[in-house]
Amino acid sequence: MPTAVRSKGFIAIALLPALLLFLVFVIIPVFWSAYYGFFSWKGFGDAKFIGFDNYIEMFKDPIFWRALRNNLILVGSSIIGQIPIALIIAIVLFKNSFFSRFIRSAVFMPMVLSTVVVGLIWGYIYHPQFGIANYVLEMLGLESWTRPWLSDPKVNMLAISIPINWANVGPYLVIFIAALQNISPEIHDAAQIDGSTGWNKLTQITLPMVWNTVVVTIVLCISGSLKAFDHVIVMTGGGPAQSTELLATYMYNSTFSVYRYGYGSAVSTMIMIVSAILIALNYFATRRKPS
Amino acid sequence: MRSKRKIGLVLLMMTLVLAACGGGQSKEQAGGGKEGSQEKVKLTIWHNFAGDDLRAKSVRSFIDQFAQDHPEVTLDAQAIPPDGYRQRLSTVAAANEMPDVFFVYAGSHSAELHQAKLLQPITEVLDAHSDWKDKFLPGAFDPYQFEEGQIYSAPVGMSATSILYYNKALFDKHNVKVPTTWEEMMTAVKTFNDNGITPIALGNKAPWVAQSTIIGSIADRVTGTEWFKKAAAQDGAKFTDPEFIEALGYFKELVDNKAFQEGANSIDNTQAEQYFIQGNAAMMISGAWTLTNLAASSSEEQMKDIEVTTLPSIPGGKGEAGTISGGAGGGLALSSRTEGKAKELALELIYAVSGPEAQKAIAESNSMVMYDTDIDESKVTSLYYKAFNLVKTTGITPVYDAYLSAEAADVINNGLQEIMMGGSIEGVAQKLQDAQARSATP
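Heads up: the sequence lines are chains A and B, in that order. Letter by letter, the first sequence follows residues 11 to 301 in our numbering. Letter by letter, the second sequence follows residues 3 to 444 in our numbering.
Structure follows, in structure tokens:
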């Protein structure tokens with residue numbers, strides 16, 4: 011008992027600095043911004059209390075819903091894009107040969123590029139006049155497919171999600187490789203003795219063993235996609251006519267180009283609520299599957 | 003166990019006390035600057051002349067010169083890139099920690115700062131140098147006179163936002179007349195399109211471009227300036243009025259006739275300038291900033307084919323033809339919290355950076371000023387010299403976003419992109435009207 015208490019006390023004291031920092035720089039601002047969401051405020055001057063008006067306006071604003079839809083497109087595209095691709099590459103390139111190390115670094119490389127660079131590179135790829143994307147399509151004889159990728163509202167969210175997926179596969183790859191390496195060789199041996207190989211072994215042994223990791227990466231994907239901001243700001247700035255607006259860019263634009271801090275705060279509170287809901291949904295959806 | 007808790011509590015309190023101390027100290031330091039004014043006066047100046055272009059360099063040199071001439075001043079000058087400048091300023095404004103002297107934009111930006119009581123007039127320094135004050139062009143102080151007889155800033159630039167640049171070589175080659183009427187404009191658009199040349203280069207990724215350069219001028223030609231000022235004040239005119247719908251219709255006509263290159267909404271203004279200067283487009287409607295950009299990025303060889311004029315006239319329009327939208331640019335303003343000796347020196351600093359010498363130097367760095375000064379032709383690019391003389395003689399009409407609220411400006415910016423994507427004119431006009439009405443009635 012005494013040692014347990016002492017160690018508990020010690021743990022509390024040791025945690026205190028980190029906890030305090032977290033409290034001051036994360037928790038308090040979150041509530042602070044939720045509080046500002048009830049005001050009409052320009053960022054300077056007097057703030058006027060307006061109750062839930064900001065939230066009501068947000069729910070009535072079609073742009074908010076479009077931003078939410080775009081965010082969900084991103085969430086969807088990264089869950090069906092990044093995770094399977096990362097998992098497949100991880101399984102294929104699991105062996106530690108020179109070739110697989112090379113491919114792995116190549117896949118990871120966009121991660122170390124600044125997002126501004128990624129945005130600029132893909133901005134040029136999609137350039138309506140000199141872009142490689144349209145040039146390649148023309149070479150292949152697919153003239154009818156060429157279009158201004160970033161300004162055509164029918165395709166621009168899709169066009170944006172490609173570089174975002176491209177840039178973010180890297181970390182998931184690393185996570186999956188680590189998870190695969192954690193499966194102890196005895197299990198593989200046992201499976202082999204029982205006659206399980208190939209596809210059967212993959213679905214019966216490997217995937218169930220890394221399932222928990224997959225769940226974690228889905229959470230990372232959801233929260234990452236809801237926070238997505240930088241690629242879009244660089245490539246389109248949320249335009250044209252707010253067709254690629256995400257929740258985060260919508261918040262940024264309401265706060266910093268229209269100078270409605272109160273409204274922006276309400277939007278940021280909403281982003282938090284939406285991600286909490288999605289992550290909770292994901293938690294319940296994936297919890298039952300593994301035995 | 004209880005003692006452990008106490009220790010924890012004490013530790014927690016100590017942290018809080020320490021944190022409070024930290025806060026107090028910095029306040030003291032800030033106040034100390036003013037007390038110790040006998041020896042050293044602390045002055046801070048924030049501006050957005052952060053670039054590597056000639057104008058930014060010459061403005062910075064005047065600030066440095068001031069610091070050298072006044073050894074009694076500890077000058078903290080911060081050059082903040084224009085893209086983030088307004089954000090930075092509103093962040094410190096929210097915390098009420100404005101620098102002593104700072105650059106403000108004409109229009110809603112300075113008006114909002116004035117409303118928030120963050121500015122004080124600089125009339126005394128203008129009156130002290132009346133020869134300087136008198137040489138400003140008519141209308142130079144309009145955006146800065148928030149109350150009778152008080153001026154809050156002296157502009158160090160002029161925005162001329164709707165100059166029609168055209169590539170004379172291309173016009174000659176295809177035998178097209180430089181458009182002076184709307185009909186000729188549409189003929190030119192058609193001819194260039196038939197010959198596979200983009201008629202007008204536009205980079206509208208940052209959506210203010212089409213608004214600032216095209217719609218302000220076209221709408222003024224249709225509606226007249228009077229109407230716009232009434233609509234902006236929401237006093238006797240609305241943006242849903244037929245004349246404004248007609249004005250948007252002209253913009254739509256350009257879009258429908260493919261006057262702009264494909265994907266204009268996804269490339270930025272600088273890329274469009276390059277596209278134009280390389281001869282891919284016959285015209286470009288842009289502001290005076292293009293002069294500065296081209297001076298920095300293209301050769302005299304490329305520029306010699308480029309001529310400047312005003313946008314064409316519009317049949318039956320109520321506004322004057324041959325005008326350019328524009329007005330006084332930004333200037334330096336004085337924080338309402340700066341007092342005593344610091345204020346005196348701050349006013350001197352404003353004079354040093356926006357006085358006659360500075361105005362001339364800025365004008366000679368390929369950048370327009372709102373000040374009557376002669377420039378040395380050999381010091382500027384040929385294109386700038388042409389534009390400088392054009393602007394001297396034309397009338398000036400208001401730029402839309404300088405009069406609209408920030409929110410309404412955002413709406414029309416996005417609305418024009420919407421029209422370019424096939425959206426309805428009436429819908430955009432209605433949204434603009436709603437947004438402006440919301441901010442005009444507090």
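Glycine included, C-beta positions come from ideal geometry on N, C-alpha and C.
Legend entry - Cα-Cα separation, M68/A to F59/A: As a first step, residue 68/A is located in the first sequence; it is residue number 58 there, counting from the start. As a first step, residue 59/A is located in the first sequence; it is residue number 49 there, counting from the start. Using only the alpha carbons, I get a separation of about 16 Å.
Inset, instruction - Sort A298/B, K240/B and S337/B by Cα distance to K59/B and report the nearest one. - result: The count along the second sequence starts at 1 and reaches residue 59/B at position 57. The residue with the shortest Cα to Cα distance from K59/B is A298/B.
Inset, instruction - Taking C-beta pairs closer than 9 Å, name the residues in chain B that H241/A reaches, listed in chain order. - result: Here residue 241/A is taken as the residue at index 231 of the first sequence, counted from 1. Neighbours of H241/A on chain B: none; closest Cβ ~14 Å, over 9 Å.
Inset, instruction - With 7 Å as the limit, tell me which residues of the region 244–255 of chain A have their beta carbon closer than that to any beta carbon of chain B; keep them in chain order. - result: Hits within the stretch, in order: T246, G247, G249, P250, A251 and Q252.
Legend entry - Beta-carbon separation (whole angstroms), S268/B vs P173/A, contact threshold 8 Å: Looking up residue 268/B in the second sequence gives position 266. Looking up residue 173/A in the first sequence gives position 163. Not a contact, Cβ separation roughly 14 Å.
Inset, instruction - Ignoring anything shorter than 3 residues or poking outside the region 156–203 of chain B, list the beta strand (DSSP E) runs there in chain order. - result: DSSP runs (the beta strand (DSSP E)) wholly in the region 156–203 of chain B: 160–162, 165–169 and 200–203.
Inset, instruction - Taking only beta carbons into account, state which residues of the region 133–167 of chain B come closer than 8 Å to chain A, listed in chain order. - result: Taking 8 Å as the Cβ-Cβ cut-off against chain A, none of the residues of the region 133–167 of chain B qualify.
Inset, instruction - Using a Cβ-Cβ cut-off of 9 Å, state whether A284/B counts as contacting chain A. - result: If you number the second sequence from 1, residue 284/B lands on position 282. Cβ-Cβ to chain A under 9 Å: no for A284/B.
Inset, instruction - For A286/A, count neighbouring C-beta atoms within 10 Å of its own C-beta (all shown protein chains included) and say buried if the count is 16 or more, exposed if not. - result: Stepping through the first sequence from its first residue, residue 286/A is reached at position 276. Exposed, since its Cβ has fewer than 16 Cβ neighbours within 10 Å.
Inset, instruction - Give the DSSP bridge partners of Y373/B, in chain order. - result: Against the second sequence, residue 373/B aligns to sequence position 371. In DSSP, Y373/B forms a bridge with F138/B.
Legend entry - Continuous beta strand (DSSP E) stretch holding A335/B: start and end: Against the second sequence, residue 335/B aligns to sequence position 333. A335/B -> beta strand (DSSP E) spans G333 to S337.
Legend entry - Short CB-CB distance (under 9 Å) between P158/A and chain B: Indexing the first sequence from 1 puts residue 158/A at position 148. At least one chain B Cβ lies under 9 Å of P158/A.
Inset, instruction - Could you name the residues of the same chain whose beta carbon sits closer than 8 Å to that of P83/B, not counting the 5 residues immediately before and after it, in chain order? - result: For this step, residue 83/B is matched to residue 81 along the second sequence. Hits under 8 Å: N50, A52 and G53.
Inset, instruction - Count the other C-beta atoms from every protein chain shown that fall within 10 angstroms of the C-beta of N238/A, then say buried if there are 16 or more, exposed otherwise. - result: Mapped onto the first sequence, residue 238/A falls at position 228. At residue 238/A the sequence reads Ala, which differs from the Asn that was named. Taking all protein chains shown into account, A238/A has 16 or more neighbouring C-beta atoms within 10 Å of its C-beta and is therefore buried.
Legend entry - S154/A in three-state terms, based on DSSP: As a working mapping, residue 154/A is identified with position 144 in the first sequence. Collapsing the DSSP output to three states places S154/A in a helix.
Legend entry - Delimiting residues of the alpha helix (DSSP H) encompassing V102/A: Taking the first sequence and counting its residues from 1, the one referred to as residue 102/A is at position 92. In the DSSP annotation of this structure, the continuous segment of the alpha helix (DSSP H) that includes V102/A starts and ends at P72 to V102.
Legend entry - Beta-bridge partners of A283/B, as assigned by DSSP: The count along the second sequence starts at 1 and reaches residue 283/B at position 281. Partner(s): T200/B.
Inset, instruction - Starting from K231/B, follow the alpha helix (DSSP H) in both directions and report where the run begins and ends. - result: Working through the second sequence from its first residue, we reach residue 231/B at position 229. From DSSP, the alpha helix (DSSP H) with K231/B extends over T227 to A235.
Inset, instruction - Can you tell me the Cβ-Cβ gap for L385/B and M305/B, rounded? I've got them flagged as a contact below 8 Å. - result: The count along the second sequence starts at 1 and reaches residue 385/B at position 383. The count along the second sequence starts at 1 and reaches residue 305/B at position 303. Contact between L385/B and M305/B is confirmed by a C-beta separation of about 5 Å, below the 8 Å threshold.
Inset, instruction - Would you tell me roughly how many angstroms separate the C-alpha atoms of D270/B and G133/A, rounded to the nearest one? - result: In the second sequence, residue 270/B corresponds to position 268, counting from 1. In the first sequence, residue 133/A corresponds to position 123, counting from 1. For the pair D270/B and G133/A, the Cα-to-Cα distance works out to about 10 Å.
Legend entry - Residues near A445/B by beta carbon distance below 7 Å, same chain, minus five either side: Nothing can be reported for residue 445/B, as the shown portion of chain B is limited to 3 through 444.
Inset, instruction - Find the residues of chain B that neighbour K52/A, judging by a C-beta separation of less than 7 Å, and give them in chain order. - result: As a working note, residue 52/A is residue 42 in the first sequence. Going along chain B in sequence order, the residues near K52/A (Cβ under 7 Å) are E114.
Inset, instruction - Would you kindly check if the distance between the Cβ of S161/A and the Cβ of A274/B is under 9 Å? - result: Here the question's residue 274/B lines up with position 272 in the second sequence. Here the question's residue 161/A lines up with position 151 in the first sequence. Taking C-beta atoms as the reference points, A274/B and S161/A fail to come closer than 9 Å.
Inset, instruction - Kindly indicate if chain B contains any beta-carbon less than 9 Å away from that of Q191/A. - result: In the first sequence, counting from the first residue as 1, residue 191/A sits at position 181. Interface flag for Q191/A against chain B is unset, since no Cβ pair is found closer than 9 Å.
Inset, instruction - Establish whether the CB of V268/A and some CB of chain B are separated by less than 9 Å. - result: As a working mapping, residue 268/A is identified with position 258 in the first sequence. Cβ-Cβ to chain B under 9 Å: yes for V268/A.
Inset, instruction - Starting from the Cα of Q80/B, find the closest Cα among A95/B, Y168/B and V103/B and give me that residue. - result: On the second sequence, residue 80/B is found 78 positions in, with the first residue counted as 1. For Q80/B, the closest alpha carbon among the candidates A95/B, Y168/B and V103/B is that of V103/B.
Inset, instruction - Within 10 angstroms of the Cβ of S171/A, are there 16 or more other Cβ atoms? Answer buried if so, exposed if not. - result: For the purposes of this step, residue 171/A is taken as the residue at position 161 of the first sequence. The residue in question, S171/A, is buried, as its Cβ has 16 or more Cβ neighbours within 10 Å.
Inset, instruction - Would you be able to state if there are at least three C-beta pairs under 8 Å between the region 218–229 of chain A and the region 179–189 of chain A? - result: Counting Cβ pairs under 8 Å, three or more are found: they touch.
Inset, instruction - Kindly indicate which three-state DSSP category G397/B falls into: helix, strand or coil? - result: On the second sequence, residue 397/B is found 395 positions in, with the first residue counted as 1. Here G397/B sits in strand by DSSP.
Inset, instruction - Would you be able to state if there are at least three C-beta pairs under 8 Å between the region 239–252 of chain A and the region 150–166 of chain A? - result: Yes, since at least three Cβ pairs between the region 150–166 of chain A and the region 239–252 of chain A fall closer than 8 Å, the two stretches touch.
Legend entry - Positions along the region 381–408 of chain B whose CB lies within less than 9 Å of some CB in chain A: Residues of the region 381–408 of chain B whose Cβ lies closer than 9 Å to any Cβ of chain A, in chain order: S407 and A408.
Legend entry - Near-chain A residues of the region 294–317 of chain B - C-beta to any C-beta below 7 Å: Taking 7 Å as the Cβ-Cβ cut-off against chain A, none of the residues of the region 294–317 of chain B qualify.
Inset, instruction - Please go through the same chain and pick out, in chain order, the residues whose beta-carbon is closer than 6 Å to the beta-carbon of L84/A, but skip the five residues on each side of it. - result: Along the first sequence, one-based indexing puts residue 84/A at 74. For L84/A, same chain residues with a beta-carbon under 6 Å away, outside a window of 5 residues either side, are S171, S235 and A238 in chain order.
Legend entry - Min CB distance E420/B to chain A below 9 Å: Mapped onto the second sequence, residue 420/B falls at position 418. Interface residue, yes.
Legend entry - Reference V61/B; option with closest CA among H72/B, W48/B and P73/B: Locating residue 61/B in the second sequence gives position 59, counting from the first residue. Comparing C-alpha distances from V61/B to each of H72/B, W48/B and P73/B shows the shortest one belongs to W48/B.
Inset, instruction - Starting from V34/A, trace the alpha helix (DSSP H) both ways and give me its first and last residue. - result: Here residue 34/A is taken as the residue at index 24 of the first sequence, counted from 1. Following the DSSP letters along the chain, one finds V34/A in no alpha helix (DSSP H), marked with neither H nor E.
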